[in-house]
Amino acid sequence: MADFSDTLDDKHVAMIEKQPVFFVATAAEDARINLSPKGYDAFRVLNPTQVAYLDLGGSGNETHAHLAADGRITIMFCNFDRPALILRIYGKGRAVLPQDEEWKELASHFTLLPGTRQIFVIDVESVQTSCGWGVPFMEYKDERMTLQKAHKQSDPAEWEAKMATRTQSIDGLPTRATDRYIAGE
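The sequence shown lines up with residues 0 to 184 when you count with numbering that gives the first Met the number 0.
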């Protein structure tokens, strides 16, 4: 049976901090549902009613487009160890880009990674936990560094030019392009 709450509590935060992967789902009217796995140390609980995650440039920018069009977002964490548990965060999200006024303060919560293009901020509307008894046991081996490596090896001017062309989702919804390359430290 599922349990719901309006905010993240200490047990939720402890579970989230142990997970090496999370899943992001968004949708907009007449567009595909987007569901993406995310890795790296990229998720932060800012307070009991707000979370954020660091987003790296990849094959598309669907989450950005969907949030601009609709705002709805679901984040899901699965515990692949003990205890069995699934945690979902339902909320409204928005993209914060490096050129935005609040970027510097928000970015201070993260170690910026090569290819960072935006941070998604989610205002928590509800939190749901459920048993997760059907989720298999899995062992975490290591981070896949391919995406970061590709960004480290890319030419900053070429990256900016490529990102400047990414102004639409797969379904033609608008996005805002990042105005600068962040090399990561």
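The beta carbon of each residue, even a glycine, is placed where N, CA and C say it ideally should be.
Given residue i, which residues of its chain have a CB within under 7 Å of its CB, disregarding the five upstream and five downstream residues?
i    : result
Y112 : Residue identity check: residue 112 is Leu in the sequence provided, not Tyr. Within the same chain, L112 has close Cβ partners Y39, L53, L55, Q147 and G183.
S77  : For clarity, residue 77 is Cys in the given sequence; the question names Ser instead. Around C77: I85, G131 and V134.
A106 : I118
R71  : T25, A26 and K91
Y139 : P19
Since residue i and residue j are thought to touch, with beta carbons under 8 Å apart, how far apart are those beta carbons, to the nearest angstrom?
i    : j    : result
V126 : H11  : 6 Å
D69  : A26  : 7 Å
G131 : A163 : Not confirmed; about 42 Å, so no contact.
A156 : R165 : Contact doesn't hold; Cβ gap of about 16 Å is too wide.
F198 : L34  : No information on residue 198 is available, as it lies outside the stretch 0 to 184 that the chain covers here.
For residue i, which option in the options has the closest C-alpha, if you only look at C-alpha atoms?
i    : options                   : result
V44  : T25, E142, L172 and L7    : L7
L18  : L66, D5, S58 and M137     : Contrary to the premise, residue 18 reads as Gln rather than Leu in this sequence. Nearest C-alpha to Q18: M137.
A149 : G57, F3 and V20           : G57
A13  : R71, N60, F42 and L172    : F42
G171 : N46, N60 and P47          : N60
I15  : I74, P173, K161 and A1    : I74
H63  : P47, A24 and Y89          : A24
L66  : Y89, R87, A160 and R93    : R93
D186 : M0, P36, A1 and T48       : Past the edges of the chain, shown from 0 to 184, lies residue 186, and the structure says nothing about it.
M0   : K151, T128, E159 and D154 : T128
In its own chain, which residues sit with a C-beta less than 6 Å from the C-beta of residue i, not counting the 5 before and 5 after it?
i    : result
E100 : none
Y209 : Outside the modelled stretch of the chain, which goes from 0 to 184, sits residue 209, for which no answer is possible.
Would you call the stretch 46 to 64 in contact with the stretch 116 to 128, where contact means no fewer than 3 C-beta pairs closer than 8 Å?
The stretch 46 to 64 and the stretch 116 to 128 touch, with no fewer than 3 CB-CB distances between them shorter than 8 Å.
Please determine if the stretch 142 to 162 and the stretch 20 to 34 are in contact, where contact requires at least 3 C-beta pairs separated by less than 8 Å.
By the Cβ rule, the stretch 142 to 162 does not count as touching the stretch 20 to 34, because fewer than three pairs are nearer than 8 Å.
Which full runs of the beta strand (DSSP E) of 3+ residues lie inside the stretch 32 to 110, going along the chain?
Counting whole runs of 3 or more residues, the stretch 32 to 110 contains the beta strand (DSSP E) stretches 33 to 37, 42 to 46, 49 to 55, 71 to 78 and 84 to 95.
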